Structures are given as C-alpha cells and as structure tokens.
Amino acid sequence: MQDFWQAAAAQLERERGEFFELLLDRILEITNSEYGFLAEVLHDPDGTPYVKTYALTNLAWDDATLTLFREQAALGLEFRNLDTLFGRCVAEGRPVFANDAPNDPRAGGVPEAHPPLDAFMGVPLKYGDAFIGMLGIANRPEGYDEALLDRLDPLMNTLAAVIRSHRAEQARTLAEAANARSTAIIEATSDFVCIADAVANVLYVNPAGLEMLS
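Counting from 80, one number per residue, gives the positions in the sequence shown under our numbering.
Here it is, written out as structure tokens:
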C-alpha cells in the first residue's frame, strides 16, 4: 500500500511538472522573454524564505550542471541565496525590475558560461496575504516595467491559485500515504489494537486483536 501511494505521489509530481512547464513556456512567449522559472516560496525552520522550482528553463552551462539539471529538475531545484535579483523579490515580497541587470547593485552575478542576464523581472505570487510563489523571467528586449506587470496581473492571480491548489493536493496525498502506512503497521503488529469512539463504541480491532478475542 505504501508503495502505491509513493508511486501515485511521484506521478502527480510529474504531471504537475509538465503543467507548470507549459505555463512557463506560455509566459515566456507572451512577454517575449528568453528564459525564466516558476517556483514555490518555502521557509526554513528559522523563517528564512527560499524557492523551490516547479518549472525552470534548461540553462545548463557545462556537463556537470546539465547532469544536475536532469537529475534534480523533476524534483525541484532549491535556491537560497537572497543576495540576487530574484532573492530581493523573495526577501521583500514585491516585484523587482532590473533593465540593466549586469550593473544593478542588487544583482549577484551569474555563473561562468551562463547565458547573459541583461534584464530581469521577479514577480511575487500571492494568494490573499500569503506569499506562496514567484515568477522570474529574463531578457525581454523591451525591458520590464509596471505596465507589463499590470497586463499580466490576471495570469499572476491564476498562477497563485494553481500553486495553492497544488499545495492542498500535495498535503492530501501525503496525509493519505501516512494513513495507509499507519494502517499497514497496525494490521501487521502482533499487539492488540482497538479503536473506540468517545462513548466506548468499538470502531476497529486489528487482526491480532480479533485473534486474541476468538
């Protein structure tokens, strides 16, 4: 049973990954941008935010990073350096525009052989007051501004709703997997296990318990 839920969760992740990749490709096309990423915003135990990608343009610049990309992209890559253009968006929860990215004081540079980063826009994705995701896109020839962001606003709201739905579905899948695991353990144990309600009505007795009672 546990293997079933693990396989189901993996399949859901693959399907979601493909869906978010299609969304990212569409956004790049609409904005005439060269590359980008779509990510979930998460937090470390100390509250420090970071992002985990749902979709990322393949920008592998050498064999090592290509191997890493292929191995990790499906699971989501984590980025924690906030001393970057996208990091400012994550840390502050507000849009970032950088139309001269190489000379922007907020920029953290790019790895050697990485494609040029000439212009960048980071967009926080919010559902209500919750900052749950981020879109980062780069190298629109016309640059990025508030007017473009305003035109994208309905799509950004949709993206935030999709991410929230993804989180809810992920939580449900994990809860079902945990319940299935607990059930398997209870049914396999040789100890007596009985579950009753608040007024002592017996709701469940495991196989070992039934054997003891017979």
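All residues carry an ideal CB built from backbone N, CA and C; glycine is no exception. None of these values were measured; they are calculated from a predicted model.
Helix, strand or coil at residue i [DSSP, three-state]
| i | result |
| --- | --- |
| Pro124 | coil |
| Glu97 | helix |
| Glu113 | coil |
| Gly201 | strand |
| Ala186 | coil |
| Gly166 | helix |
| Gly156 | Looking at the sequence itself, residue 156 is Leu, so the reference to Gly does not match. DSSP places Leu156 in coil when its eight states are reduced to three. |
| Phe119 | The sequence given here has Glu at residue 119, not Phe. Strand at Glu119. |
| Leu102 | helix |
| Trp84 | Only weak support exists for where Trp84 lies, its pLDDT of 40 falling under 50; the coordinates are left without a value. |
| Leu161 | coil |
| Leu214 | strand |
Expected contact under 8 Å - CB spacing of residue i and residue j to nearest Å
| i | j | result |
| --- | --- | --- |
| Phe99 | Leu117 | 5 Å |
| Phe158 | Ala177 | The Cβ separation is near 17 Å, so there is no contact. |
| Gly201 | Cys168 | 3 Å |
| Leu161 | Ala170 | 5 Å |
Residue i and residue j closer than 7 Å at C-beta
| i | j | result |
| --- | --- | --- |
| Ala239 | Lys205 | yes |
| Gly126 | Phe165 | no |
| Gly115 | Ala217 | yes |
| Pro220 | Met213 | no |
| Asn285 | Glu266 | yes |
For residue i, the nearest candidate out of the options (CA to CA)
| i | options | result |
| --- | --- | --- |
| Lys131 | Ile211, Ile216, Arg230 | Ile211 |
| Glu119 | Thr110, Asn111, Ala134, Ser112 | Ala134 |
| Arg230 | Thr110, Leu103, Arg105 | Thr110 |
| Leu227 | Asp162, Glu290, Val175 | Val175 |
| Thr268 | Ser112, Glu248, Ala247, Met291 | Met291 |
| Asp179 | Gly222, Glu113, Tyr129, Pro194 | Gly222 |
| Pro194 | Thr136, Gly172, Glu97 | Thr136 |
Closer than 6 Å: residue i CB and nearest the ligand NAP heavy atom
| i | result |
| --- | --- |
| Ala247 | For the ligand NAP, the structure offers nothing, since it holds no ligand at all. |
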